[in-house]
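Inspection log for the structure reproduced underneath, given as structure tokens.
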Amino acid sequence: MHIQTDADGKPLFRKLRKRFDHLSQPRELTFSSYRGHQFFLKRRPCEWFVESLEEGLHQGNVDLWCWVIMPEHVHLIVSPRDPLLEVGTWIGRIKQMFRAKLLRGLNQRLLTGWSISL
56 MHIQTDADGK PLFRKLRKRF DHLSQPRELT FSSYRGHQFF LKRRPCEWFV ESLEEGLHQG
116 NVDLWCWVIM PEHVHLIVSP RDPLLEVGTW IGRIKQMFRA KLLRGLNQRL LTGWSISL
């Protein structure tokens, strides 16, 4: 486990563990939101994540077995149909799509003064 302190003096925890890509075998994935922020307490970020996940499933040729969205993290069990797919790279693309949607939504809210329900 890696522990560090950010500029605010709050402790940050990061679990370090090895991950293995076994070709075409189901994978359990758990990942946290940025600095443990509870983005998923609101409806819109959940919708943006699900949209990103659906796009990633279609593009990556991956089956989703089950998923749970918690306030500050997500659990997935996926099974790649492509034996050469690197699951870590695939989930990274989904996170990038979600991050872009989240930032676009936040910027729209800040720039227009329009109150979207995050």
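Numbering (this note's numbering), first residue to last: 56 to 173. The C-beta atom is built at its ideal place from N, Cα and C for all residues, glycine as well. For clarity, every value in this text was computed on a predicted model and none was experimentally measured.
query                                                                                                : result
Straight-line Cα distance separating F94 from V129                                                   : 11 Å
Sheet register partners of D137 (DSSP bridge)                                                        : Note: D137 sits in no beta bridge, so no partner.
Beta-carbon gap between L96 and L108 smaller than 9 Å                                                : no
DSSP three-state assignment for H92, whether helix, strand or coil                                   : coil
Spatial distance of L112 from N162 (CA atoms)                                                        : 27 Å
Limits of the unbroken alpha helix (DSSP H) element including E109                                   : R98 to G115
Cβ neighbours of V123 in the same chain (closer than 6 Å, five flanking residues each side left out) : H130
Exposure label - H57; buried when at least 16 CB within 10 Å                                         : Confidence at H57 is low in this model, with a pLDDT of 49, below 50, so its placement is unreliable and no value can be given for it.
Residue range of the beta strand (DSSP E) that includes E83                                          : R82 to S87
Proximity below 9 Å, CB of P81 to CB of I132                                                         : yes
Alpha-carbon to alpha-carbon, E83 and K156                                                           : 24 Å
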